[in-house]
Amino acid sequence: MSVVKASNVYKVFGKRQNEVVRRLEDGADRNDLTKLGMAAVIDASFEVEAGEIFVVMGLSGSGKSTLIRTLNGLWSTTAGSVEVLGTDLATADASTIREVRGKHVSMVFQHFALLPHRTVRENAAYSLEIQGVAKAKRLEKAEEWLKAVGLDGWGDRYPQQLSGGMQQRVGLARALAAETDVLLMDEAFSALDPLIRREMQEQLVELQSRLNKTIIFITHDLNEAMFLGDRIAVMRDGRIVQIGTAEEILTEPADDYIAEFVQDVDRTRVLTASSIMRETKATISIEAGPRLAMKTLDDNNSSGLLVLDDKRTVLGLVSDRAVVKAAREGHQTIRDIVEKTDLHTVSPDASISELFAPSSTAKVPLTVVDENNRLLGIVPRVALLNSMADPGPATGEIPTVATEPEPMVESPTAGQNDSEQNAAFAQEYTIPTESVSNGDAGEASNDAEGRKL
Amino acid sequence: MDFMNPRLPLGDWVSDLLTWITSTFQWLLDFVTLVLGGLYDFLYLVFSSPVFFVMIVILAVIAYFAAGWKVALFTLIGFYFVRALDQWDNTMSTLALVIVAVIVALLIAIPLGILAAKVSWVSAVVKPILDFMQSMPALAYLVPAILMFGIGQTPGAIATIIFALPPGVRLTELAIRQVNAEVVEAGQAFGASPGHILGKIQIPLAMPTIMAGVNQVIMLALSMVVLAGMVGAGGLGGAVVGGISALDVPLAVEAGLAVVVVAIFLDRVTAALGQRTPIERARKAAA
Numbered sequence: 001m002s003v004v005k006a007s008n009v010y011k012v013f014g015k016r017q018n019e020v021v022r023r024l025e026d027g028a029d030r031n032d033l034t035k036l037g038m039a040a041v042i043d044a045s046f047e048v049e050a051g052e053i054f055v056v057m058g059l060s061g062s063g064k065s066t067l068i069r070t071l072n073g074l075w076s077t078t079a080g081s082v083e084v085l086g087t088d089l090a091t092a093d094a095s096t097i098r099e100v101r102g103k104h105v106s107m108v109f110q111h112f113a114l115l116p117h118r119t120v121r122e123n124a125a126y127s128l129e130i131q132g133v134a135k136a137k138r139l140e141k142a143e144e145w146l147k148a149v150g151l152d153g154w155g156d157r158y159p160q161q162l163s164g165g166m167q168q169r170v171g172l173a174r175a176l177a178a179e180t181d182v183l184l185m186d187e188a189f190s191a192l193d194p195l196i197r198r199e200m201q202e203q204l205v206e207l208q209s210r211l212n213k214t215i216i217f218i219t220h221d222l223n224e225a226m227f228l229g230d231r232i233a234v235m236r237d238g239r240i241v242q243i244g245t246a247e248e249i250l251t252e253p254a255d256d257y258i259a260e261f262v263q264d265v266d267r268t269r270v271l272t273a274s275s276i277m278r279e280t281k282a283t284i285s286i287e288a289g290p291r292l293a294m295k296t297l298d299d300n301n302s303s304g305l306l307v308l309d310d311k312r313t314v315l316g317l318v319s320d321r322a323v324v325k326a327a328r329e330g331h332q333t334i335r336d337i338v339e340k341t342d343l344h345t346v347s348p349d350a351s352i353s354e355l356f357a358p359s360s361t362a363k364v365p366l367t368v369v370d371e372n373n374r375l376l377g378i379v380p381r382v383a384l385l386n387s388m389a390d391p392g393p394a395t396g397e398i399p400t401v402a403t404e405p406e407p408m409v410e411s412p413t414a415g416q417n418d419s420e421q422n423a424a425f426a427q428e429y430t431i432p433t434e435s436v437s438n439g440d441a442g443e444a445s446n447d448a449e450g451r452k453l
Numbered sequence: 001m002d003f004m005n006p007r008l009p010l011g012d013w014v015s016d017l018l019t020w021i022t023s024t025f026q027w028l029l030d031f032v033t034l035v036l037g038g039l040y041d042f043l044y045l046v047f048s049s050p051v052f053f054v055m056i057v058i059l060a061v062i063a064y065f066a067a068g069w070k071v072a073l074f075t076l077i078g079f080y081f082v083r084a085l086d087q088w089d090n091t092m093s094t095l096a097l098v099i100v101a102v103i104v105a106l107l108i109a110i111p112l113g114i115l116a117a118k119v120s121w122v123s124a125v126v127k128p129i130l131d132f133m134q135s136m137p138a139l140a141y142l143v144p145a146i147l148m149f150g151i152g153q154t155p156g157a158i159a160t161i162i163f164a165l166p167p168g169v170r171l172t173e174l175a176i177r178q179v180n181a182e183v184v185e186a187g188q189a190f191g192a193s194p195g196h197i198l199g200k201i202q203i204p205l206a207m208p209t210i211m212a213g214v215n216q217v218i219m220l221a222l223s224m225v226v227l228a229g230m231v232g233a234g235g236l237g238g239a240v241v242g243g244i245s246a247l248d249v250p251l252a253v254e255a256g257l258a259v260v261v262v263a264i265f266l267d268r269v270t271a272a273l274g275q276r277t278p279i280e281r282a283r284k285a286a287a
């Protein structure tokens, strides 16, 4: 069940709100209705699941801050409904809404919104104070949460004595101390300088991995949205234009506006190995003999093969030299010539930024495997570099890798794509002495990309 | 009525109205007189009963705890000086009247200011009334006050209350309105009731500005109390008015200086109290 469910939410400010809603439903543009009222949120529908970080992203004036305020009843909706854990805020009375806020939905504010006349500890305990928790108990709990956000020992200070980042940690501790299921974060890190912001984002992710809250995060920073969001809703002029995962928005933008928007995103933090990995047919069963290996090498124009068992578990590599040698010496299987030293596996969730270091030193493409060490695909260096360059097709049209075992060898007529991939594979399978020149080539193309960016 | 030479008998109407009010609401006016007069008599008794030096020490101690030793020292010397000018009884009378007027004025001004900050139509109604109260010459209050309450302390107190009230309302409204909206929103977002938000967030954060309003009310009350001497409120005002009418320069100067001493004492002490609100304490801790 979804924790927060917004259905066709409209929020209009002004004198003739219902009229505005009616006209918008008939397809009018909100800019033509400014005399009747200002539509801040138009027909917003989404559901947020438990344990999810749902990011609402948009520029200022896009309605995102208004939208988040309808989720805890700070603004009532003009039309549509907002359900929080089954309570419809549109029809609830004031005391019910207050109860929902106290028990189920807490909030972190852009400018921290701490009480300046209270100490850090008292601020962190504020949410509990409203819930009527006894003083000693709530201060004790507040201290625990301050510790959890890394503010151990700061409890007796006043907010003004803390840096911006620390103040926001107090805000976070206050919201977490309420122990609500839902956490609303309104531009929570936007007022912080970039280094602190990054640190806070990472801390939030780390906290979330332990607490598993339902977080609705508002931001105008696309990088932040991509980094934090399990799903992202992009808002423009009061409407939600697209809802999807970071990768979906990056690789399949719903319209030109979003496509233009995502151009500047730091792709290395968003795209993962799974989104840029490529299929490979340069594989062979551990049971196969050297002759079959030679044929597969030949079919794929490859200089090496990934060795798999019948569950597609990656066991290692065989190089062309070793295969030829084994065939000449009359080995029955390739079992003896499998080597592992050059094999470098990564998880499909690894972000691209984590792949650069291993890729730059590896002699063969990085191998993407699942948690059971089964082959999902490979990341040749060229794919990595491509992903940095071109927002659209290069990352968008990668065929998904089949998970079920494929026929072992006998690659059918390889498509253009395949041969390209395998060429990459082949190139990087060359023997160490030549890898120097390969490295140069890699760097050269890197420079070229650098200029292009 | 001649169009080219208009004469609107507004003054007569107001006068008739006041006469009507006086006769119709005599019981209410008597009650007000009883309360204000009684409060004044009580305070005057308290202030003037002890030997003057005991009273000076008490005032100095208050000054010390509120504002520190410098103001306390000034209080000792200043009030001893007042006694030396033979204005002690007048000064205590004035002090009692100021305190009565200020208490009543604040009891009206602060709730009204809060209400005006919360309810926009109250603000819209109150604002022109306050403008009227402030711009009307202070002396003009005195005549109707005499008409309604007779001669004595009560009309003086009433005129003082009306004159001193506006800054209290205005600054309270301003203070509540300028409390950081996000902090108020935070209170709401955590499920606080409106009463909690007012009592635990808005008023504490507004306190420095509210105290500035209180300070203004006190200073205005003091200046008006002197004028109230004209309607028989006695005290330093009575002495100054007496000095004017008799061209008694020594009396006018001595009473005038005593007013200055009281003014400085009240101003410093209340200003210092404004520095002792929780928010100011937090600010100092951070500095």
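Read top to bottom, the protein sequences are chains A and B.
This note's numbering puts the first residue of the first sequence at 1, with every later residue one more than the last.
This note's numbering puts the first residue of the second sequence at 1, with every later residue one more than the last.
Just so you know, even glycine gets a beta-carbon here, dropped at the ideal spot from N, CA and C.
Subject >> Near-chain B residues of the segment 35 to 52 of chain A - C-beta to any C-beta below 9 Å >> reply: From the segment 35 to 52 of chain A, no residue has a Cβ closer than 9 Å to chain B.
Original post:
Are Ala39(A) and Leu59(A) closer than 8 Å when you measure CB to CB?
Top reply: The criterion of a C-beta distance shorter than 8 Å is not satisfied by Ala39(A) and Leu59(A).
Original post:
To which residues does DSSP link Tyr10(A) through a beta bridge?
Top reply: Ala79(A), per the DSSP bridge assignment.
Subject >> Cβ-based contacts, 7 Å cut-off: residues of the segment 95 to 121 of chain A near chain B >> reply: Correct list: Arg98, Glu99, Arg101, Gly102, Ser106, Met107, Phe109, His111, Ala113, Leu115, Pro116 and His117.
**OP:** Report the residue from Pro365(A), Leu183(A), Asp237(A) and Asp266(A) whose alpha carbon sits nearest the alpha carbon of Ala246(A).
**Re:** Distances from the alpha-carbon of Ala246(A) to those of Pro365(A), Leu183(A), Asp237(A) and Asp266(A) put Asp266(A) closest.
Subject >> For Arg16(A), the first and last residue of its enclosing alpha helix (DSSP H) >> reply: Premise fails: Arg16(A) is in no alpha helix (DSSP H) and is neither H nor E.
Original post:
Mind pulling the chain B residues with CB within less than 7 Å of Tyr126(A)?
Top reply: Neighbourhood of Tyr126(A) in chain B, by CB distance below 7 Å: Phe190, in chain order.
Subject >> Rounded straight-line distance, which links the Cα of His220(A) to that of Val170(A) >> reply: Going from the Cα of Val170(A) to the Cα of His220(A) covers about 22 Å.
**OP:** Mind listing, in chain order, the continuous alpha helix (DSSP H) runs of no fewer than 4 residues lying wholly within the segment 331 to 391 of chain A?
**Re:** Listed in chain order, the alpha helix (DSSP H) elements of length 4 or more contained wholly in the segment 331 to 391 of chain A are 352 to 361 and 381 to 389.
**OP:** At 8 Å on the CB atoms, spell out the chain A contacts of Leu205(B), in chain order.
**Re:** Chain A residues near Leu205(B): Leu115, Pro116 and His117.
Subject >> Proximity below 8 Å, CB of Ala159(B) to CB of Tyr158(A) >> reply: Against a cut-off of 8 Å, the Cβ pair of Tyr158(A) and Ala159(B) comes out as no contact.
Subject >> CB contact flag (Gly191(B), Arg101(A), <8 Å) >> reply: Yes, the pair counts as a contact, with Cβ atoms nearer than the cut-off.
Original post:
So what does DSSP say about Ala246(B), is it helix, strand or coil?
Top reply: The three-state secondary structure of Ala246(B), taken from DSSP, is coil.
**OP:** Give the straight-line distance between the Cα atoms of Ser7(A) and Leu89(A), rounded to the nearest whole angstrom.
**Re:** Going by the C-alpha atoms only, they are around 12 Å apart.
**OP:** Compute the beta-carbon to beta-carbon distance between Met294(A) and Val323(A), rounded to the nearest angstrom, for a pair I have assumed lies under 8 Å.
**Re:** Here Met294(A) really is in contact with Val323(A); their C-beta atoms are around 6 Å apart, less than 8 Å.
Original post:
Taking the alpha helix (DSSP H) that Ser93(B) falls in, what are its first and last residues?
Top reply: Looking at the DSSP string, the run of the alpha helix (DSSP H) that includes Ser93(B) is Trp88 to Lys118.
Original post:
Just how far apart, CA to CA, sit Trp27(B) and Phe149(B)?
Top reply: Each residue's Cα considered, the two are about 11 Å apart.
Subject >> Buried/exposed call for Ser65(A), threshold 16 Cβ in 10 Å >> reply: By the 10 Å Cβ count, Ser65(A) comes out buried.
Subject >> Length of the line joining the Cα atoms of Thr180(A) and Ala383(A) >> reply: About 43 Å.
Original post:
Quick one: what's got a C-beta closer than 8 Å to Asp267(B)'s C-beta in the same chain, skipping five residues either side?
Top reply: These residues qualify, in order along the chain: Asn215, Ile218 and Met219.
Original post:
Are the CB atoms of Phe112(A) and Gln167(A) nearer to each other than 8 Å?
Top reply: Their beta carbons are under 8 Å apart, which means Phe112(A) touches Gln167(A) by this criterion.
**OP:** With DSSP as the reference, please indicate the residues paired to Gln161(A) in a beta bridge.
**Re:** Per DSSP, none; premise fails for Gln161(A).
Original post:
Whose C-alpha, out of Leu315(A), Ile68(A) and Ser353(A), is nearest the C-alpha of Thr341(A)?
Top reply: When the alpha-carbon of Thr341(A) is set against those of Leu315(A), Ile68(A) and Ser353(A), the nearest one is in Leu315(A).
Subject >> Residue from Ala181(B), Leu205(B) and Ala228(B) with nearest C-alpha to Phe163(B) >> reply: With respect to the C-alpha of Phe163(B), the residue from Ala181(B), Leu205(B) and Ala228(B) having the closest C-alpha is Ala228(B).
**OP:** Report buried or exposed for Lys141(A), applying the criterion of at least 16 other Cβ atoms within 10 angstroms of its Cβ.
**Re:** By the Cβ neighbour-count rule, Lys141(A) is buried, with 16 or more other Cβ atoms within 10 Å of its own.
Original post:
DSSP puts Gln242(A) in a beta bridge; with which residues?
Top reply: Beta-bridge pairing links Gln242(A) to Val234(A).
Subject >> Near-chain B residues of the segment 149 to 168 of chain A (beta-carbon distance less than 7 Å), N- to C-terminal order >> reply: Cβ contacts with chain B come from Tyr158, Gln160 and Gln161.
Original post:
Which ranges does the beta strand (DSSP E) cover as unbroken runs of at least 3 residues, wholly within the segment 175 to 216 of chain A, from first to last along the chain?
Top reply: Complete beta strand (DSSP E) runs here, min 3: 182 to 186.
Original post:
Taking the continuous beta strand (DSSP E) assigned at Glu48(A), which residues delimit it?
Top reply: A quick correction: the sequence has Val, not Glu, at residue 48(A). Taken as a continuous stretch (DSSP letters only), the beta strand (DSSP E) holding Val48(A) covers Met38 to Glu49.
Original post:
Taking the DSSP output, what are the residues bridged to Met136(B)?
Top reply: Partner(s): none; Met136(B) has no beta bridge.
Original post:
Who are the near neighbours of Ser106(A) in its chain, counting only those whose CB is closer than 8 Å to its CB and skipping five residues on each side?
Top reply: For Ser106(A), same chain residues with a beta-carbon under 8 Å away, outside a window of 5 residues either side, are Ser127, Arg174, Ala175, Leu176, Ala178, Thr180, Val182, Leu183 and Leu184 in chain order.
Subject >> Pick from Phe265(B), Gly187(B), Met224(B) and Leu95(B) that is closest to Leu205(B), judged by C-alpha positions >> reply: When each option's Cα is compared against that of Leu205(B), the closest is Gly187(B).
**OP:** Return no unless some Cβ of chain B is closer than 8 Å to the Cβ of Ile462(A).
**Re:** Not covered by the structure: residue 462(A). The range shown for chain A is 1 to 453.
Subject >> Backbone CA spacing between Met133(B) and Val104(B) [nearest angstrom] >> reply: If you take the alpha carbons of Met133(B) and Val104(B), they lie about 16 Å apart.
Original post:
In the structure shown, what three-state DSSP assignment does Val307(A) receive?
Top reply: Annotated three-state conformation of Val307(A) is strand, per DSSP.
**OP:** Using the Cα positions of Thr400(A) and Leu306(A), report the straight-line distance between them to the nearest angstrom.
**Re:** Only weak support exists for where Thr400(A) lies, its pLDDT of 43 falling under 50; the value from the coordinates is given anyway. Near 19 Å, if we compare the C-alpha coordinates of Leu306(A) and Thr400(A).
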